[in-house]
Amino acid sequence: MPQPMNAHNGEAPLIEIAPEEIVQVHQPPNNENQAPEPLVPEPAPEPVQQIPEQQQAPAHLIQAIQPTGTVPAQSHAAVPAQPPFQNQSNQQGHFGRSKVHVNLTHYNGSMDAAQWWTTFIAFVTLQRIEEWDAILCFPFYLDGIAKQWWHMLDTSVTNSLSNIKTAFLNRFRALEEDDVGLTNLRQLENESVTEYIHRALSYNKDKSVVDKYLIKLTYRGMKEHIQQIVVPQNPISMNDLLTKAVTAEMTVNMKKTNNTSVEETIHKAISSLENSMSERLANHFQSVAAITTPPQNNKQEINNSSAYNQQMCFNPYQQPFQMPPPYMYTPVQQQSVQYRATNAVSPTNEAATEQLSEQQT
Numbered sequence: 001m002p003q004p005m006n007a008h009n010g011e012a013p014l015i016e017i018a019p020e021e022i023v024q025v026h027q028p029p030n031n032e033n034q035a036p037e038p039l040v041p042e043p044a045p046e047p048v049q050q051i052p053e054q055q056q057a058p059a060h061l062i063q064a065i066q067p068t069g070t071v072p073a074q075s076h077a078a079v080p081a082q083p084p085f086q087n088q089s090n091q092q093g094h095f096g097r098s099k100v101h102v103n104l105t106h107y108n109g110s111m112d113a114a115q116w117w118t119t120f121i122a123f124v125t126l127q128r129i130e131e132w133d134a135i136l137c138f139p140f141y142l143d144g145i146a147k148q149w150w151h152m153l154d155t156s157v158t159n160s161l162s163n164i165k166t167a168f169l170n171r172f173r174a175l176e177e178d179d180v181g182l183t184n185l186r187q188l189e190n191e192s193v194t195e196y197i198h199r200a201l202s203y204n205k206d207k208s209v210v211d212k213y214l215i216k217l218t219y220r221g222m223k224e225h226i227q228q229i230v231v232p233q234n235p236i237s238m239n240d241l242l243t244k245a246v247t248a249e250m251t252v253n254m255k256k257t258n259n260t261s262v263e264e265t266i267h268k269a270i271s272s273l274e275n276s277m278s279e280r281l282a283n284h285f286q287s288v289a290a291i292t293t294p295p296q297n298n299k300q301e302i303n304n305s306s307a308y309n310q311q312m313c314f315n316p317y318q319q320p321f322q323m324p325p326p327y328m329y330t331p332v333q334q335q336s337v338q339y340r341a342t343n344a345v346s347p348t349n350e351a352a353t354e355q356l357s358e359q360q361t
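Okay, so the sequence shown: first residue is 1 according to the UniProt record's numbering, each after it adds one.
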């Protein structure tokens, strides 16, 4: 209950409130010494229910309460058609972005343009990147001539991914036609069978050639040793051809290794034999030279005589004697007599000829 006013000190009475009432009210002083109006006690505030942290909204979605109690005016500014890349990524937060970390290989103009573009679109889709952000990211994955090509593009091309795709594929598509590549298909010297068959399949991306014909074109271009093993097995599909070709390649490599080891063994044996023979010959020549070497006292005389003999042998015109005159042929006088004697007829021969003539008559 309220207490009476103290008139001597002029202070306002203190109003006591029941314990169940939390709010306490202080009455300002009354200069006219009048009794204050009775105050209606205010109801106690309702207890605040604590919300668990898991059910609370994110901090960036809760708006701060204005201290003045006034409601801020609504902004009617137009939203930009394309927000900046940083703002949009902040708005997405943990809800829009994927947590998968994938590294995309940069394109330098030497790879297959169609395959790389397909990989780029898959990367953009996985990272939940919008079209405009993908356009902004695109040049950062280009290197070399591809990056130079990007800087030469007109702005009318870079305003959409479809235009960029058309220009990109037209610029970096393979200049060699697939049909020409299939007809001239040959396995390279340092190319494995797996790489060769995958290259053959890349020429047939549009499935323009049936598997039966493609198998023949592929094994005809293989190396001769591998082809001799694969063809008799009659592969029925490209996967079957790949399996049999890999086995054949392993077999050929094993044979080459064995042949190489045998050849190396033979070469080592021959080289060791040559070394031993050369050592023996060198020792033999040294022993012969030691036996035939003259004494030191007669060395000067032998050198002088050998020099004289060499001079006489190699300089025949400086010899002291003269050459004999050339031989002159003289005919024999009895030849004429002998020639007449040979032509003369003997009496015995004449008698024999007469007898023969008589018999004939």
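Using N, Cα and C, we set each Cβ at its ideal position, and we do this for glycine too.
Remember, predicted model here, so these are calculated numbers, not experimental data.
query, result
"Would you call Asn170 buried or exposed, if buried means 16 or more other Cβ atoms sit within 10 Å of its Cβ?", "exposed"
"Do you know offhand how far Leu153's Cα is from Val231's?", "51 Å"
"When DSSP labels each residue in this structure, what does Leu142 get in the three-state scheme?", "strand"
"Take Thr251 and list the residues in its own chain whose beta-carbon comes closer than 6 Å to its own, dropping the five residues that flank it on each side.", "none"
"Can you tell me whether Tyr213 is buried or exposed? The criterion is at least 16 other CB atoms within 10 Å of its CB, across all chains shown.", "exposed"
"Check each candidate in Val100, Ile229, Phe138 and Ala289 and name the one with the smallest Cα separation from Ser160.", "Phe138"
"Is it right to say Phe285 is buried, meaning 16 or more other beta carbons lie within 10 angstroms of its own, or is it exposed?", "exposed"
"Within the continuous alpha helix (DSSP H) that includes residue 367, where are the two ends?", "Past the boundaries of the shown model lies residue 367; the chain is included only from 1 to 361, so the question cannot be answered."
"Cα separation between Asn90 and Leu126?", "Below a pLDDT of 50, predicted positions are generally treated as unreliable, and Asn90, at 46, falls in that range; the measurement from the model is reported next regardless. Roughly 18 Å separates the two Cα atoms."
"Excluding the 5 residues flanking Phe123 on each side, which residues of the same chain have their C-beta closer than 8 Å to its C-beta?", "Val102 and Leu104"
"Measure the CB-CB distance between Ile215 and Pro235 and report whether it falls below 9 Å.", "yes"
"Would you say Val246 and Thr166 are within 9 Å of each other, going by their C-beta atoms?", "no"
"Can you check which of these residues, Gln355, Asn253, Ile270 and Met111, is closest to Arg199 by C-alpha distance?", "Met111"
"Would you call the CB atoms of Phe172 and Ala134 closer than 9 Å?", "no"
"Might you give, ordered along the chain, the residues of its own chain that have their beta carbon closer than 8 Å to the beta carbon of Leu182, omitting 5 neighbours on each side?", "Ala200, Tyr203, Asn204, Val209, Leu214 and Leu217"
"Look at the alpha carbon of Val71 and the alpha carbon of Ile129, and state the distance between them as a whole number of angstroms.", "At Val71, the pLDDT of 42 sits below 50, so the modelled position is not reliable and the matter cannot be decided from this model."
"Mind checking Glu249: buried by the 16 CB within 10 Å criterion, or exposed?", "buried"
"Please name the residue in Asn253, Phe168, Glu279 and Trp132 whose C-alpha comes closest to that of His225.", "Asn253"
"Whose C-beta lies closer than 8 Å to the C-beta of Gln233 among residues of the same chain, with five residues either side of it excluded?", "Lys244"
"Pick from Tyr107, Ile164 and Lys268: whose alpha carbon is nearest that of Asp143?", "Tyr107"
"Would you tell me roughly how many angstroms separate the C-alpha atoms of Ser192 and Ser271, rounded to the nearest one?", "35 Å"
"Thinking just about the alpha-carbon of each residue, which of Gln355, Ser162 and Thr158 is nearest to the one in Thr118?", "Ser162"
"With 16 other CB atoms within 10 Å as the buried threshold, where does Ala282 fall?", "exposed"
"Mark Glu279 as exposed unless 16 or more other C-beta atoms lie within 10 angstroms of its C-beta, in which case mark it buried.", "exposed"
"Where residue 364 and Gln187 are concerned, what is the direct C-alpha to C-alpha distance, given to the nearest angstrom?", "Residue 364 lies beyond the range of the chain shown here (1 to 361); nothing can be said about it."
"Who are the Cβ neighbours of Gln54 in its own chain at under 7 Å, not counting the five residues just before and after it?", "Any reading at Gln54 must be qualified, since the residue scores a pLDDT of 47, below 50, and its modelled position is unreliable; the value itself is stated next. Nothing listed; no residue qualifies."
"Would a C-beta distance cut-off of 9 Å place Gln227 and Arg220 closer than the cut-off?", "yes"
"Along the chain, where does the alpha helix (DSSP H) containing Arg220 start, and where does it finish?", "Asp211 to Arg220"
"Taking the beta carbon of Ala290 as the centre, do at least 16 other beta carbons fall within 10 Å, making it buried, or is it exposed?", "exposed"
"Are the CB atoms of Ile197 and Leu136 within a distance shorter than 9 Å?", "no"
"Who are Tyr107's beta bridge partners in DSSP?", "Leu142"
"Between the C-alpha atoms of His94 and Lys207, what's the straight-line distance to the nearest angstrom?", "In this predicted model, His94 has a pLDDT of only 41, less than 50, meaning its place in the structure is not dependable enough to derive any value."
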